[in-house]
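Data first, discussion second: the structure below is written as C-alpha cells.
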Amino acid sequence: MKKIFLILGFLIAFVFMGLNVTARANQLHTITFEKNNESYNIILDTDSISKVSRKVLSDNEIVLQLSGITSSDTVNALYKGAGTIDNLIIENAGFNKLKVYVSAPNIKSSSVIMNPADGAQTLVGESFPVDKAIWTFFVLAVLGVVAKRAIKRTNEDNSLLIKKDIKDREIALYRQYRKSMDEGTSLSPKNPNMQNILKKIDRKIDERLSLLTK
Numbered sequence: 038m039k040k041i042f043l044i045l046g047f048l049i050a051f052v053f054m055g056l057n058v059t060a061r062a063n064q065l066h067t068i069t070f071e072k073n074n075e076s077y078n079i080i081l082d083t084d085s086i087s088k089v090s091r092k093v094l095s096d097n098e099i100v101l102q103l104s105g106i107t108s109s110d111t112v113n114a115l116y117k118g119a120g121t122i123d124n125l126i127i128e129n130a131g132f133n134k135l136k137v138y139v140s141a142p143n144i145k146s147s148s149v150i151m152n153p154a155d156g157a158q159t160l161v162g163e164s165f166p167v168d169k170a171i172w173t174f175f176v177l178a179v180l181g182v183v184a185k186r187a188i189k190r191t192n193e194d195n196s197l198l199i200k201k202d203i204k205d206r207e208i209a210l211y212r213q214y215r216k217s218m219d220e221g222t223s224l225s226p227k228n229p230n231m232q233n234i235l236k237k238i239d240r241k242i243d244e245r246l247s248l249l250t251k
C-alpha cells in the first residue's frame, strides 16, 4: 500500500507541474479592429490561447470576458477600416481576468479572433483546446489505472488476511486434536477401522492446510 500512495503522490505532483507549465504568463498586447462586410473582426494579440466569452449588451455594445490572462503595461488598439468604433475600455476583472467593453454600430455581429504568439489564429467559439483535452484524458486515464490497481491490491490483501486467519484457526484445532491422540485420552480410537478413518481425516486436514498456504 505504501508504494501505491507513493505513486499517487508522484502523479499529483506531476499534474501540478503540468498545470504550472500551462499557467505560464499570458498577456493581452494588442486589440485590432478590422471592418468586414457586416460588422468587425476583433483580433486579440496574446502570448497564448485564453478562454474568451462574449456578452451582448445591445446591438451596439458587447463585453468580452477573458480568463487566464492579464494586460500588458500598454495595450495597443489598431483600427483597420474601422473608424466607427465609439468606445473601448479594458478593465481588470480579478486575478488573471479581463473585461473588454466595445461600443460600435452593429458590434454584436462581430467575430472575435484570438491571435496567440505561440500558435495559429483561432476564431473564438469555433475551436476546442485539443491539447488540454488530451492532457486531461491522459491524467484521468493514469489515475483510473492506479485506482484500479489499488482496489485490486486491497482486495488481495484482505483475502490473504482472511485466509491466514482461517489457516491459523485450523492449525490450532489440528494441533489440539493431535495432542489428544498422542496423549492417549478417551478420544484415541482402539478400533483399526476407526484409526484408518482418522488417518484419512489427517490427510484431508494436511491437504486443506497446504492449500491455505498457497
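First residue of the sequence shown? That's 38 in this note's numbering, and the numbers climb one at a time after it. Beta carbons are placed, not taken as given, at the ideal position from N, Cα and C, and that holds for glycine.
Residues ASN78 of the same chain have their beta carbon placed closer than 6 Å to that of SER148, with the five preceding and five following residues left out of the count.
Ranking HIS66, LEU81, GLY120 and LEU125 by CA distance to the CA of VAL112 puts HIS66 first. Contact between ILE122 and TYR138 fails: their C-beta atoms lie close to 11 Å from each other, not under 8 Å.
Looking at the DSSP output, LYS136 shares a beta bridge with GLN102 and GLU128. Looking only at ILE188, PRO153, ASN129 and VAL93, the smallest Cα-Cα distance to ILE86 is reached by PRO153. Within a 10 Å sphere around the beta-carbon of ALA141 sit 16 or more other beta-carbons, which makes this residue buried. Distance from the Cα of ASN97 is smallest, within the candidate group GLY105, ASN143, VAL89 and ASP82, for ASN143.
Burial is judged here by how many other beta carbons sit within 10 angstroms of a residue's own beta carbon; ILE99 has at least 16 and is buried.
Annotation for SER146: GLU75 and SER76 place their beta carbon closer than 6 Å to its own, counting only its chain and skipping 5 residues before and after. A Cβ-Cβ distance of about 7 Å is found for the pair ASP84 and ALA62, placing them in contact under the 8 Å criterion. GLY105 and ASN192 have their C-alpha atoms roughly 43 Å apart.
In the three-state reduction of the DSSP assignment, GLU71 falls in the strand class, which pools E and B. Here LEU135 is buried, its C-beta having at least 16 other C-beta atoms within 10 Å.
Look at SER90 here: in three-state DSSP terms it is strand. Leaving aside the five residues that flank ASN133 on each side, the residues in its chain whose CB is nearer than 7 Å to its CB run, in chain order, SER104, GLY105, ILE106 and THR107.
The residues MET151, in chain order, have a CB closer than 6 Å to that of THR159 in the same chain once the five nearest residues on each side in sequence are set aside. Rounded to the nearest whole angstrom, the C-alpha separation of LEU115 and ALA130 is 23 Å. Within its own chain, the residues whose Cβ lies closer than 6 Å to the Cβ of LYS72, once the five positions on either side in sequence are excluded, are GLY118 and ALA119, listed in chain order. Closest in C-alpha terms to SER90, from the list ILE80, ARG190, VAL161 and ILE68, comes VAL161.
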